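Here is the structure we will look at, set down as structure tokens.
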Amino acid sequence: MCGVTVGLLFCALAGAADPLAGAAPDMEWHKGHGTARGDHVHYGAQTRDGGYIMTGQTAEDGEASDMLVVKTDADGREEWQKVIGASGEHDYGTIVVETTDGFVVAGSRTMGGRQERALVRFAVNGDIVWENTYPAPGSGSLRGIDTTGDGGIVATGYVGSEERGYLFISDDGEGSLLKTDADGALVWERTLPAPHGMRVEETPGGFAIGANVWVEEADRHHQQVCLILTDDDGNVLSTQTYGGDDNDQVFDFAVTSDGGYVFGGHTRSYGVVNWDFLLLKVGADGEEQWHRAYGQPRGYDARYIHDESYGLKETPDGGFVVIGGTGDEYRYSAAGHPFGPSDLWLAYLVRTDANGDVLWQGLYGDLDGNNAGEYIALTRDGGYVVFTDSDTAGSMGEENFGLMKIAPDAKPAERR
């Protein structure tokens, strides 16, 4: 089922890290989009018309960047592309949500020399309908967004940081939650008991936020994931932290179909040697139900390999799919695996059941360059689309947005 042709990995490494896991589905196609300047995708989704939309940033000289948004059809062909930003500034998109008549991208825009939280509303054809920023002291950005039942928008992120540019996690900032009307006008704004709000979803009677916090335990200062619940006006009702005795970082979060919550990211806790994927499930009562770590799909020395997860989705059967990248960050540069040397980054995809136990694991990419998984969406045909930082999918620049279509799961009888 798996093969390597002209350097391309057309399908997954079945059962890559678990000999009991079933066969992973094939990659159907991988296409690239973006600019000649080098691009980094942060988020993507399938749209109501069957196409795809993705956002992130494109590089300028130095550390500056512009917001990049790309819309494609169902076959990954570009329909429109927008680059938004001021020369020499820090502008980027972190997440996009579809509305009834277009899209809203959240992220950051620099105004008057200050990096501000930003929302940009696009029409279906890519025209900008409105753009708003939300000033606050220090540098700020929005990282999570949801549309609300009253037609408004709720968003979370951070303010007050001394650092500029895209931050994976703001350690010196102050968590932020804001609500706008349908036109982006601010309704209210709240401070969160965490330095960085990562994702937000509307819930009955309020909002649920996944965040990162620092905790002090046994004289050790380390990161944990945090669940923050608020009322309809954004007032904090409760907070709860989860994790092990080392750093645990959340980059994605969702309210689950059973009324609970799931966190995705990566961890150095639970006996993990280096960074591995983290999937942590919490019940509706706020109590942790289970956690799982996944990693080392190629079996190289774990001391040198990063397995970094940035996206998850709950599947229709109550399970989960988790995406990220796997590769060498230390110039370890080992070889010997058919899916490339350790310093070749590949998209690493893990499919689990409702208890977080692995159904299959797969590696996807190209032997001729790096293709790290950054986000994932479920597709209408029962498959998946993976958004990658790709050296090989596009021809516009050295690194472009990659759009990788993965086939539906094999039927249970076909998995072994």
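Each number in this note's numbering corresponds to the 1-based position in the sequence shown with 1000 added.
Glycine is no exception: its CB is placed at the ideal position from the N, C-alpha and C atoms.
Quantities reported herein were computed from a predicted structural model and do not represent experimental measurements.
Quick check: residue i and residue j, are their CB atoms within less than 8 angstroms of each other?
i	j	result
P1137	G1173	no
V1236	P1193	yes
K1031	A1372	no
V1200	L1177	yes
G1140	Q1115	yes
L1227	D1248	no
T1191	T1147	no
F1401	G1056	yes
D1276	V1041	no
E1374	G1311	yes
G1144	G1197	yes
Q1224	G1206	no
G1038	T1058	yes
G1175	A1211	yes
P1044	A1377	A small fix is needed here, since residue 1044 is Gly in this sequence, not Pro. Yes. Within cutoff.
G1088	E1060	yes
D1409	G1365	no
V1282	T1241	no
E1288	L1280	yes
V1083	T1035	yes
I1153	V1104	yes
L1403	Y1052	yes
D1246	H1221	no
T1203	V1255	yes
Taking its Cβ as the centre, do 16 or more other Cβ atoms sit within 10 Å of residue i, making it buried, or is it exposed?
i	result
N1355	exposed
K1405	buried
F1320	buried
F1168	exposed
S1257	exposed
G1299	exposed
W1360	buried
A1024	buried
G1391	The residue you asked about is not Gly; residue 1391 is Asp in the sequence shown. Buried: at least 16 other Cβ atoms inside 10 Å.
D1307	buried
D1181	exposed
E1162	exposed
G1149	exposed
D1252	buried
S1238	exposed
V1322	buried
R1109	buried
G1113	exposed
E1217	exposed
G1336	exposed
D1357	exposed
D1353	exposed
R1303	exposed
A1017	Summary for A1017: the model assigns pLDDT 44, below 50, so the residue's position carries little reliability, and this model does not support an answer.
G1318	exposed
Between which two residues does the beta strand (DSSP E) carrying residue i extend?
i	result
W1360	1358-1366
S1065	1065-1072
F1387	1384-1390
R1121	1114-1123
E1287	Segment: none, E1287 is in no beta strand (DSSP E) and carries neither H nor E.
S1139	1139-1147
R1109	1102-1111
E1308	1305-1314
N1371	1371-1378
H1337	Segment: none, H1337 is in no beta strand (DSSP E) and carries neither H nor E.
H1196	1196-1203
E1398	Taken as a continuous stretch (DSSP letters only), E1398 belongs to no beta strand (DSSP E), as it is neither H nor E.
E1079	1078-1084
I1228	1220-1231
H1030	1027-1033
W1188	1186-1191
G1056	1052-1059
G1325	1320-1328
Rounded to whole angstroms, how far is the Cβ of residue i from the Cβ of residue j, which I believe are closer than 8 angstroms?
i	j	result
L1142	A1106	4 angstroms
G1260	A1293	Contact flag wrong, Cβ pair sits at about 19 angstroms.
M1067	D1091	5 angstroms
A1074	G1102	Between G1102 and A1074 the Cβ distance is about 18 angstroms, and since that is not below 8 angstroms, they are no contact.
T1326	P1297	6 angstroms
I1209	T1156	5 angstroms
R1121	G1184	6 angstroms
G1234	W1188	6 angstroms
Q1046	V1385	6 angstroms
Margin query: Under 8 angstroms: do the region 1263-1276 and the region 1340-1351 share three or more Cβ pairs, one atom per stretch?
Written below: Segments in contact, no.
Note to self: Would the region 1254-1268 count as touching the region 1327-1344 if we require 3 or more Cβ pairs under 8 angstroms?
What the structure shows: Contact between the region 1254-1268 and the region 1327-1344 is not established, with fewer than three Cβ pairs separated by less than 8 angstroms.
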